[in-house]
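Participant: Residue numbers (my numbering): -4 to 264. Every residue, glycine too, gets a C-beta built ideally from N, C-alpha and C. In this text, all values refer to a predicted model and were calculated from it rather than measured experimentally. I have a structure here, written as structure tokens, and I will follow up with some questions on it.
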């Protein structure tokens, strides 16, 4: 009959619906731990345990910085993440430019080492860094944590920036130089704005990797306690609700940055 749809069309639409349903199920599954964290930041708990819902309260937001050790650990994580991200972005951007634009001796080896660092298990990287610092009599603390975070996040920035450089039209830089721009002026006014989305993406990834790292940090921290290390240590006696509040705020800031970046990218487009 003319009103009936072809079997292939019905199957295609049914497949699309199943794919949409599957996608939403995956999103819900990935978001459920975050939802639980946010919810238990409002839990009016009466004991050390924060695993049972006992009522709604805003108390923990008002008492967010009541635990001095937790506040110190969070500040340590933020400072280390900011410093390591700044260093990673600068060094990673230069490496990405070199690998994406220039030919030099050892380029293949450098590419191999970049991807090898990404695939190296954190346990192996942490143990190797610990051996390096111990053999060199380097005191472990905030400085060694920064060095470790730069090493394991550098590859991600390099790969991101390099991918952006490869798609950049070289004629834009050539035109700037033909018009009298210096090498630094060409980089500042043409190259850097063009690769800035890749630089920002790499920086955000480096910051996220740094602030939530536990395995590598536990090898090289010395007496310095970061936010993830404090949480793991507090599990033995009961994680306070302030941890959920801080996690919620960190997640909220990340969402705002991602949304702002998406809006800016849409406006540029």
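Report the residue from 16, 46, 31 whose alpha carbon sits nearest the alpha carbon of residue 233.
Facilitator: In the chain shown, the residue the question calls residue 233 occupies position 238. Comparing Cα-Cα distances from residue 233 to each of 16, 46, 31, the minimum goes to 46.
Participant: Nearest-angstrom Cα distance between residue 56 and residue 111?
Facilitator: Position 61 of the chain shown, counted from the first residue, corresponds to residue 56. Position 116 of the chain shown, counted from the first residue, corresponds to residue 111. Taking the straight line joining both Cα atoms gives about 42 Å.
Participant: Helix, strand or coil for residue 51 per DSSP?
Facilitator: Residue mapping note: residue 51 aligns to position 56 of the chain shown, counting from 1. It is a strand residue.
Participant: Measuring straight from C-alpha to C-alpha, what distance separates residue 273 and residue 169?
Facilitator: With the chain running from -4 to 264 in the structure shown, residue 273 is simply not present.
Participant: Can you check whether the CB of residue 246 is closer than 8 Å to the CB of residue 29?
Facilitator: What you label residue 29 is simply residue 34 of the chain shown in a count that begins at 1. What you label residue 246 is simply residue 251 of the chain shown in a count that begins at 1. In contact: residue 29 and residue 246 (Cβ atoms closer than 8 Å).
Participant: On the three-state DSSP scale, how would you describe residue 15?
Facilitator: Position 20 of the chain shown, counted from the first residue, corresponds to residue 15. Looking at residue 15 - three-state DSSP - the assignment turns out to be helix.
Participant: Taking the CB atoms as reference points, tell me whether residue 186 and residue 71 lie closer together than 8 Å.
Facilitator: Numbered from 1 along the chain shown, position 191 holds the residue referred to as residue 186. Numbered from 1 along the chain shown, position 76 holds the residue referred to as residue 71. Not in contact: residue 186 and residue 71 (Cβ atoms no closer than 8 Å).
Participant: How far does the alpha helix (DSSP H) with residue 237 in it reach, from first residue to last?
Facilitator: On the chain shown, residue 237 is found 242 positions in, with the first residue counted as 1. Note, residue 237: alpha helix (DSSP H), 236 to 263.
Participant: Which value, in whole angstroms, describes the spacing of the CA atoms of residue 94 and residue 81?
Facilitator: The count along the chain shown starts at 1 and reaches residue 94 at position 99. The count along the chain shown starts at 1 and reaches residue 81 at position 86. Using only the alpha carbons, I get a separation of about 20 Å.
Participant: Identify, in the order they occur along the chain, each residue of the same chain with its Cβ nearer than 8 Å to the Cβ of residue 41, setting aside the five sequence neighbours on each side.
Facilitator: Taking the chain shown and counting its residues from 1, one reaches residue 41 at position 46. The answer, listed in chain order, is 49.
Participant: Apart from the five residues just before and just after residue 217, which ones in its own chain have a Cβ nearer than 6 Å to its Cβ?
Facilitator: On the chain shown, position 222 is the one that residue 217 refers to. Counting only Cβ-Cβ distances below 6 Å, and skipping sequence neighbours, we find 135, 136.
Participant: Just the Cα atoms here: how many angstroms apart are residue 19 and residue 25?
Facilitator: For the purposes of this step, residue 19 is identified with residue 24 of the chain shown, where counting begins at 1. For the purposes of this step, residue 25 is identified with residue 30 of the chain shown, where counting begins at 1. If you take the alpha carbons of residue 19 and residue 25, they lie about 10 Å apart.
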